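Here the structure is laid out as structure tokens; the discussion comes afterwards.
There are 2 protein chains.
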Amino acid sequence: MSYKADLDKVELTPEKLKEFSDIAREQLRAFFEPRSIAVIGASRDVNSPGWVAFKILLENSRSGLLKAKVYGVNIKGGELFGEPLYKSILDVPDEVDHAVILVPAKYVPGAMEECGKKGVKVATIISAGFSEIGNVELENKVVETARRYNIRIIGPNGLGVFDPWNGVDTMFLPYHKSLNGKELLACPRPKKGYIMFISQSGALGVAVLDYMYGEGIGLSKFISYGNKVDVDEIDMLLWALKDPTIRVVMIYIEGIKALGRALVKVAREFSKYKPIVLLKGGKTKAGARAVASHTASLAGDIKVYEAAVEKMGAIWTNDLMEFLDVSKALVYQPPAAGENIAIVTDGGGAGILASDKAEQVGLIVPPTSDKLLEKLRKAQERGIIPSVATFANPIDISGSASDESYVAAIEAALEEDSIDAVLVIALHHPPLLSAKFVDKIIEAIKKYKKPVVAVDIGGAGMATWVRDRFDELGVPSYPTPERGIIALKGLVSYGAFLKKVKAFDEFIQRWKPVI
Amino acid sequence: MSYKADLDKVELTPEKLKEFSDIAREQLRAFFEPRSIAVIGASRDVNSPGWVAFKILLENSRSGLLKAKVYGVNIKGGELFGEPLYKSILDVPDEVDHAVILVPAKYVPGAMEECGKKGVKVATIISAGFSEIGNVELENKVVETARRYNIRIIGPNGLGVFDPWNGVDTMFLPYHKSLNGKELLACPRPKKGYIMFISQSGALGVAVLDYMYGEGIGLSKFISYGNKVDVDEIDMLLWALKDPTIRVVMIYIEGIKALGRALVKVAREFSKYKPIVLLKGGKTKAGARAVASHTASLAGDIKVYEAAVEKMGAIWTNDLMEFLDVSKALVYQPPAAGENIAIVTDGGGAGILASDKAEQVGLIVPPTSDKLLEKLRKAQERGIIPSVATFANPIDISGSASDESYVAAIEAALEEDSIDAVLVIALHHPPLLSAKFVDKIIEAIKKYKKPVVAVDIGGAGMATWVRDRFDELGVPSYPTPERGIIALKGLVSYGAFLKKVKAFDEFIQRWKPVI
Chain A
1 MSYKADLDKV ELTPEKLKEF SDIAREQLRA FFEPRSIAVI GASRDVNSPG WVAFKILLEN
61 SRSGLLKAKV YGVNIKGGEL FGEPLYKSIL DVPDEVDHAV ILVPAKYVPG AMEECGKKGV
121 KVATIISAGF SEIGNVELEN KVVETARRYN IRIIGPNGLG VFDPWNGVDT MFLPYHKSLN
181 GKELLACPRP KKGYIMFISQ SGALGVAVLD YMYGEGIGLS KFISYGNKVD VDEIDMLLWA
241 LKDPTIRVVM IYIEGIKALG RALVKVAREF SKYKPIVLLK GGKTKAGARA VASHTASLAG
301 DIKVYEAAVE KMGAIWTNDL MEFLDVSKAL VYQPPAAGEN IAIVTDGGGA GILASDKAEQ
361 VGLIVPPTSD KLLEKLRKAQ ERGIIPSVAT FANPIDISGS ASDESYVAAI EAALEEDSID
421 AVLVIALHHP PLLSAKFVDK IIEAIKKYKK PVVAVDIGGA GMATWVRDRF DELGVPSYPT
481 PERGIIALKG LVSYGAFLKK VKAFDEFIQR WKPVI
Chain B
1 MSYKADLDKV ELTPEKLKEF SDIAREQLRA FFEPRSIAVI GASRDVNSPG WVAFKILLEN
61 SRSGLLKAKV YGVNIKGGEL FGEPLYKSIL DVPDEVDHAV ILVPAKYVPG AMEECGKKGV
121 KVATIISAGF SEIGNVELEN KVVETARRYN IRIIGPNGLG VFDPWNGVDT MFLPYHKSLN
181 GKELLACPRP KKGYIMFISQ SGALGVAVLD YMYGEGIGLS KFISYGNKVD VDEIDMLLWA
241 LKDPTIRVVM IYIEGIKALG RALVKVAREF SKYKPIVLLK GGKTKAGARA VASHTASLAG
301 DIKVYEAAVE KMGAIWTNDL MEFLDVSKAL VYQPPAAGEN IAIVTDGGGA GILASDKAEQ
361 VGLIVPPTSD KLLEKLRKAQ ERGIIPSVAT FANPIDISGS ASDESYVAAI EAALEEDSID
421 AVLVIALHHP PLLSAKFVDK IIEAIKKYKK PVVAVDIGGA GMATWVRDRF DELGVPSYPT
481 PERGIIALKG LVSYGAFLKK VKAFDEFIQR WKPVI
């Protein structure tokens with residue numbers, strides 16, 4: 001953990017950041033890419049945490065998703081799912097990289113001691129019953145043992161790690177739950193994707209994963225660090241810097257301690273490479289009181305927070321939906337160089353609602369320039385854009401729009417120097433739109449490194465198809481005009497930070513689409 | 001149309017309102033409960049508006065949903081879907097209550113003249129090509145003819161009417177569209193429900209219906225009046241007053257003319273009986289510019305609007321999602337007597353986010369009173385509420401919550417005089433929650449006429465099941481804590497209006513749950 005002690009002392013140059021990142025990746029690798037895992041507290045008690053965690057890890061290993069051997073450890077010995085349960089980790093006939101610990105709190109120091117002797121590199125401690133209920137001494141003993149053996153810890157009292165790329169899943173919540181005799185998906189895991197999500201609250205974290213699953217948002221890693229005796233946001237940012245499956249970091253925090261000086265320092269440098277999206281619980285007096293009651297921590301002065309977040313270069317979001325909508329946008333689209341947006345729509349009302357929201361959140365919907373107007377008029381004269389279209393921005397190509405109308409209007413807008421980003425509202429009704437219209441739009445925007453976000457309103461069949469197709473092809477889509485604008489605002493905010501720290505041009509040069 | 005001319009002159013007492021309502025219902029009844037419908041412009045051109053409208057009305061009639069005979073009129077005669085097409089409405093061998101007109105604009109005055117001779121009571125004119133493109137004289141001729149024969153008009157240049165209770169559906173958009181050889185639902189119609197939705201924009205209207213379908217929100221009537229030469233918001237409010245299938249009126253408007261003095265007057269009186277929820281396009285300068293370009297109307301000074309909306313007693317919403325979330329809440333729950341809410345949750349983080357949003361939108365999350373605290377502690381002592389629960393408000397009954405913990409906490413909160421409404425956050429993970437927990441909560445809240453709104457986060461299996469069950473049993477549910485708060489805020493705003501005009505107590509006494 002040496003780099004953390006150094007953080008306050010050194011100037012964090014890009015080289016230094018990379019150096020720390022290398023150390024962190026070396027130390028943390030076994031959390032995500034272990035060659036072997038031991039589940040200490042694997043239990044035959046059906047649906048108990050030790051049963052669920054062992055079962056899921058074993059299944060992931062057997063399916064080949066998890067490239068690690070999985071061993072069960074239970075003081076009583078025996079067998080589970082056709083595997084032997086070892087009485088001690090010391091009995092496991094193999095090296096162990098990663099220990100997942102679910103035994104009662106009082107046994108954890110002993111288990112850690114054995115882990116140390118076994119040469120375990122990292123431990124995810126799920127067990128609760130430490131400082132959160134006053135058992136500070138017990139917790140300290142665990143930490144002290146870990147330090148002695150150079151074992152990194154995630155936890156205790158959290159859900160640990162979920163990594164859909166590598167199959168590491170220490171969440172002890174069963175996928176399904178039986179309800180009135182029917183098996184219902186109770187804890188769905190999101191698909192593989194490009195977001196690392198760190199949550200101070202385990203329960204909220206799981207709820208967000210469920211929400212992500214429903215919205216089809218992919219995940220790289222979920223970290224629920226519980227009491228956070230060791231691995232924290234700093235470690236995870238250092239890990240994330242060089243992880244190609246992480247394009248965006250989402251952080252949910254409650255207490256004031258989370259945003260310490262060292263984190264702000266690392267985050268500011270990190271944000272030049274990848275965006276951090278932040279949601280804070282306890283932004284108001286009522287929320288702060290709730291935080292105090294939930295985690296016995298201080299929510300702190302919101303002004304102090306805001307200043308810290310700004311310094312971090314993190315994108316501040318105001319609620320759960322914004323937290324996810326903005327993160328989804330940042331995975332797929334480059335940041336915007338400025339706040340001027342064009343809205344291309346086939347529905348007047350939806351364009352108006354988007355314009356309203358844009359102004360409310362500080363984006364600019366500038367009147368169409370003469371140059372752009374001329375291009376649009378030419379397309380109109382050639383019959384590509386319908387005669388009833390209006391070009392005030394929103395550029396309203398109307399219900400008579402065709403695939404080519406969209407392509408022409410969007411290309412013209414993206415070519416315009418004064419336009420930094422485009423919101424495409426593609427209500428699916430116009431009879432001239434073909435099954436290929438989304439694909440054609442995507443093809444057209446590829447040559448511009450300016451962000452584009454899409455909207456189609458509706459909850460069934462064609463609306464869902466249109467949005468899914470946009471998502472699949474790398475243009476994030478949303479079910480209301482206002483949510484589309486909020487997503488664009490996130491891309492504009494990140495761009496503004498990059499400009500401020502003079503990292504925008506490099507970022508854009510480096511930027512490649514996921515898809 | 002006489003009552004409209006009188007509106008400015010008379011004092012609108014409750015008696016007068018009811019009198020006007022009776023006249024309006026007499027005059028408008030044939031739009032929604034016709035004994036016969038003629039589709040003028042029924043066309044053999046597959047997927048043309050005249051083909052779609054005739055097909056859907058005929059199908060609804062044949063299925064028995066629409067209790068009216070449906071006749072096709074086409075100047076060329078012939079046959080369609082096994083029905084004869086009459087060359088003129090005058091040839092239809094039956095009385096005709098409701099004419100749906102889809103012929104080109106220039107033929108509409110002639111068609112109206114024939115409707116008059118036939119004794120038609122109401123006409124929905126779908127045809128476009130009138131004042132919206134400068135053909136004011138043609139439009140005036142239609143209106144003049146209608147007046148001469150006392151025919152009420154919805155339209156022209158709109159989508160007309162959709163009524164899932166009675167099967168009247170003049171929307172000329174086919175349910176399905178073929179995409180890559182697959183039939184996809186392109187214009188889903190929401191299920192039967194209790195909302196009347198009036199939209200100044202047809203395209204946005206259809207998009208909202210699609211959204212409602214996806215969210216499972218029911219509809220009583222959708223009105224798209226296009227150029228609005230006759231039937232307008234005033235008529236529809238007078239209709240809605242005595243329509244038992246209408247509990248909430250949603251209005252989407254853009255132009256400044258919509259909220260005239262007469263409407264404000266009627267709305268204010270109407271709002272004492274049923275809530276109006278309003279979404280205005282063109283709230284900002286950018287939005288107003290977009291409105292000017294879309295409908296050539298003035299969006300107007302937002303302050304003037306806000307004052308009018310306040311006077312109307314309407315609930316002002318800021319975006320599409322809020323528009324629907326608030327309307328859904330008002331269908332199912334009574335208004336709140338004040339702004340003090342209790343949050344009962346099994347997840348700390350979600351409770352914190354709800355508290356933050358509550359304070360941001362002007363709701364109060366007061367510290368738990370001694371009386372309430374005592375009740376909760378007693379339930380805790382008896383083992384009904386888990387020992388790890390905290391009671392600061394949010395009342396966090398934790399992941400160890402059982403069905404009975406919810407019931408005890410919610411009942412205690414509802415009994416408390418100082419609490420006006422309750423947000424129930426029911427994250428579905430706690431292992432002790434049974435398949436009956438939603439039903440038990442609903443049973444417990446029935447005896448209180450205080451609003452309750454529910455939240456479960458997640459997009460699959462169990463989360464969806466929990467929310468659907470709440471909805472089915474009359475407690476509106478939402479997928480994020482913040483959306484739940486926005487919904488509660490709508491119930492608080494409506495309650496505040498009722499208090500201001502001294503109509504709250506009567507309203508609550510009258511109020512009955514839908515389910």
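Heads up: the sequence lines are chains A and B, in that order.
If you're matching positions, the first sequence starts at 1 in this note's numbering and goes up one per residue.
If you're matching positions, the second sequence starts at 1 in this note's numbering and goes up one per residue.
Don't be surprised by glycine CBs; every beta carbon is placed ideally from N, CA and C.
Fair warning: this is a prediction, and the values are worked out from it, not measured in the lab.
Using a C-beta cutoff of 8 Å, does residue i count as contacting chain B?
i	result
Thr284(A)	yes
Glu254(A)	yes
Gln380(A)	no
Lys303(A)	no
Lys192(A)	no
Can you tell me whether residue i is helix, strand or coil according to DSSP?
i	result
Tyr478(B)	strand
His294(A)	helix
Asn157(B)	coil
Gly313(B)	coil
Thr13(A)	coil
Asn60(A)	helix
Phe32(A)	helix
Met196(B)	strand
Ala454(B)	strand
Arg289(A)	helix
Leu7(A)	helix
Thr124(A)	strand
Leu278(A)	strand
Out of curiosity, what's the CA-to-CA distance linking residue i and residue j?
i	j	result
Ile133(A)	Asp210(B)	49 Å
Leu66(A)	Val168(A)	6 Å
Leu376(B)	Asp346(B)	15 Å
Val46(B)	Ile101(B)	17 Å
Lys440(B)	Asp396(B)	18 Å
Lys357(A)	Ala99(B)	40 Å
Cys187(B)	Arg25(B)	29 Å
Ala146(A)	Arg469(A)	48 Å
Ile442(A)	Ala421(A)	14 Å
Asn60(B)	Lys502(B)	44 Å
Met196(A)	Gly64(A)	22 Å
Ser355(A)	Ser293(B)	12 Å
Phe81(B)	His176(B)	18 Å
Lys69(A)	Arg152(A)	20 Å
Tyr332(B)	Leu320(B)	19 Å
Ser178(A)	Ala454(B)	22 Å
Can you find a C-beta in chain A that's less than 8 Å from the C-beta of residue i?
i	result
Asp6(B)	no
Thr390(B)	yes
Asp356(B)	yes
Asn340(B)	no
How many whole angstroms separate the CB atoms of residue i and residue j, which I take to be in contact at a CB cut-off of 8 Å?
i	j	result
Val249(B)	Ile276(B)	5 Å
Ile315(A)	Leu423(A)	Their Cβ separation, rounded to whole angstroms, is 18 Å, which puts Ile315(A) and Leu423(A) out of contact at 8 Å.
Ser432(B)	Ser402(B)	The amino acid at residue 432(B) is misidentified as Ser; the sequence shows Leu. The Cβ separation is near 4 Å, so the contact holds.
Pro451(B)	Ala336(B)	5 Å
Ile89(A)	Ala128(A)	Rounded, the Cβ-Cβ distance is 21 Å, inconsistent with contact.
Val161(B)	Thr124(B)	6 Å
Gly226(A)	Gly158(A)	3 Å
Original post:
Unbroken beta strand (DSSP E) runs of length 3 or more, entirely within the stretch 313–394 of chain B: which are they?
Top reply: Correct list: 315–317, 341–345.
Original post:
Which ranges would you report for the beta strand (DSSP E) in the stretch 195–274 of chain B if only whole runs of at least 3 residues count?
Top reply: Entirely contained in the stretch 195–274 of chain B, the beta strand (DSSP E) runs reaching 3 residues are, in chain order, 219–224, 248–253.
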